[in-house]
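Peer 1:
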Amino acid sequence: MGEDLNTLRGYAAKAIAIAVTLVLLLITVIGIGAKSFGFATDGDDTVVVYSCAEGVRNEALLAALHERFPDYDIRMRYVPTGNCAAKLKIEGAQSEADIVLDLEGGYIKQLSECLEDLSSFDSSVYCDDLLDEDGTFFPFARESACIAMNEEGLLARGLDIPQSYEDLLDPQYEGLICMPNPKTSGTGYNFVKSLVNAWGEEEAMAYFDRLAENVYQFSSSGSGPVNALVQGEALIGFGMTFQAVSEINQGAPITVHFFEEGAPWAVYGVGIVEGKSEKTAVRDVFAWLATEGVKIDNQAYVPDQVLKAYTAHIDNYPENIEYADMTGITDADEKQRLLEAWQH
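Each number in the working numbering comes from the position in the sequence shown (counting from 1) with 677 added on.
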């Protein structure tokens, strides 16, 4: 009887061991299958990135990430700027996002309390003027602005090529200038802020009041002025450098100019969402995006300098750009105050 009981116990132990093995195997198979077919299997190797960048930029970054980290389940979701900021503000540490990418400086600055401190990462590799004092995001992209001109059109009318902001006040340019409205365009605000920093608020705002006499349109978007040049509606535009260069490379008769005060610019940041930095995969992906990702984006799309030791090249894109003093460009209260004084 005792021997029979021991035999039964042996069979039971073997059965339990087999059952446990089968369960573990099933879990593994389900996990692999789910990942292969795109089902959620969130774990330590899963990283979710909320990106405000355009589709082609995201595609290039995601492809490079998968090549660099083949064992990580990296998901990049496009979320428009305003929606992204609002979503992260509400959800905080409960967000599915681990990393936020290419969020405009003013918005990401307002999310400081929702982002991790980045002091354990090396900030010394970035251009000093791009770093945020709170240390909760690193610069991912810098987008400069320029004065784009159709020089052929100006010369055909017997007009001088303007060499300064002051020159643009000359009545000879009446009706030939297009500028983005700073109340609806970040590019427009960048011009305002750059001159406020260079000249002081009173002089800068008085300048734009006088400039308005020569402006045929304050466009609603930052792309408006360069579009106006391409369409022949304007000969001088306060525009985005990368857009102007893109049109030049397609044959448009446009030239890019920067005046003495330097090129206005905006910064777009990358950060880790609160509570997500303890995952090794998140830290690895963030560190890559904040360095190698910057290089890929620079080289293919917007080469304005972000990293001290890296300069990208795109045909006809100006090199060694002197950037304007944009101190306070991410200050939302300052922006609101200045825009309340804008009358055009």
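Just so you know, even glycine gets a beta-carbon here, dropped at the ideal spot from N, CA and C.
Report the residue from W965, K953, Y884, S862 whose alpha carbon sits nearest the alpha carbon of D847.
Peer 2: Ranking W965, K953, Y884, S862 by Cα distance to D847 puts Y884 first.
Peer 1: Under a three-way DSSP split, which group does S801 fall into?
Peer 2: It is coil, neither helix nor strand.
Peer 1: Please state the DSSP three-state secondary structure of Y1000.
Peer 2: Y1000 falls in the strand class under three-state DSSP.
Peer 1: Does the region 767-785 come close enough to the region 814-828 to have 3 or more Cβ pairs within less than 8 Å?
Peer 2: In short, these stretches touch, since the Cβ pair count reaches three.
Peer 1: What span of residues does the alpha helix (DSSP H) with F768 cover, start to end?
Peer 2: Per the sequence shown, residue 768 should be read as Glu rather than Phe. Element bounds for E768: 758-768.
Peer 1: Note down the Cα distance separating E1017 from E951, rounded to an integer number of angstroms.
Peer 2: Rounded to the nearest angstrom, the two C-alpha atoms are 33 Å apart.
Peer 1: Measuring straight from C-alpha to C-alpha, what distance separates C804 and A881?
Peer 2: Their backbone Cα atoms lie some 26 Å apart in a straight line.
Peer 1: Would you kindly work out how many angstroms separate the C-alpha atoms of G830 and C855, rounded to a whole number?
Peer 2: If you take the alpha carbons of G830 and C855, they lie about 15 Å apart.
Peer 1: What residue range is occupied by the uninterrupted alpha helix (DSSP H) comprising Q920?
Peer 2: Residues 918-926.
Peer 1: Apply the 10 Å Cβ neighbour rule to V733 and answer buried if 16 or more other Cβ atoms are within range, or exposed otherwise.
Peer 2: V733 comes out exposed.
Peer 1: Cα-Cα, which of V971, R745, G909 is closest to G852?
Peer 2: Cα-wise, what sits closest to G852 is G909.
Peer 1: For P848, would you say it is in contact with chain C, using Cβ-to-Cβ distances shorter than 9 Å as the test?
Peer 2: Going by chain labels, chain C is absent from the structure shown, which holds only one protein chain.
Peer 1: Give me the residue from E768, C761, S841, S772 with the minimum Cα distance to F935.
Peer 2: Of the candidates E768, C761, S841, S772, the one whose C-alpha sits nearest the C-alpha of F935 is S841.
Peer 1: Mind checking whether F919 and E996 have CB atoms under 9 Å apart?
Peer 2: Going by C-beta atoms, F919 is not nearer than 9 Å to E996.
Peer 1: Could you tell me the distance, in whole angstroms, from the CA atom of L808 to the CA atom of S800?
Peer 2: Cα-Cα distance, rounded: 8 Å.
Peer 1: Please work out which residues of its chain come closer than 7 Å, Cβ to Cβ, to G914, disregarding the five sequence neighbours upstream and downstream, and give them in chain order.
Peer 2: Result list for G914: A825, C855, P902, V903, A905, L906, in chain order.
Peer 1: Give the DSSP-derived three-state secondary structure of S789 in the structure shown.
Peer 2: Reduced to three states, the DSSP call for S789 is helix.
Peer 1: Among the residues of its own chain, which have a CB less than 6 Å from the CB of V892, if the five just before and after it don't count?
Peer 2: Contacts found: I854, M856.
Peer 1: Would you say A967 and V947 are within 9 Å of each other, going by their C-beta atoms?
Peer 2: Yes. Within cutoff.
Peer 1: Spatial neighbours of D748 within its chain, please: CB distance less than 8 Å, with the 5 preceding and 5 following residues excluded, ordered by chain position.
Peer 2: Answer for D748: D722, listed in chain order.
Peer 1: Which word fits D837, buried or exposed, when buried means at least 16 other C-beta atoms lie within 10 angstroms of its C-beta?
Peer 2: Burial call: exposed.
Peer 1: Please tell me whether V777 and V962 are closer than 9 Å, where the distance is taken between their beta carbons.
Peer 2: No, these two residues do not count as a Cβ contact at 9 Å.
Peer 1: Extract the residue ranges of the beta strand (DSSP E) inside the region 926-953, only unbroken runs of 3 or more that lie entirely within it.
Peer 2: Counting whole runs of 3 or more residues, the region 926-953 contains the beta strand (DSSP E) stretches 932-934, 942-949.
Peer 1: Starting from I854 and walking both ways along the beta strand (DSSP E), at which residues does that stretch end?
Peer 2: Its beta strand (DSSP E) spans residues 854-857.
Peer 1: Are I998 and Q976 touching if we call contact CB-CB under 9 Å?
Peer 2: No, the Cβ-Cβ distance between I998 and Q976 is not below 9 Å.
Peer 1: Rounded to the nearest angstrom, what separates E731 and E937 at their Cα positions?
Peer 2: Taking the straight line joining both Cα atoms gives about 32 Å.
Peer 1: Whole-angstrom Cβ separation of A822 and M917, contact assumed at under 8 Å?
Peer 2: That belief holds up - the Cβ atoms of A822 and M917 are roughly 6 Å apart, short of 8 Å.
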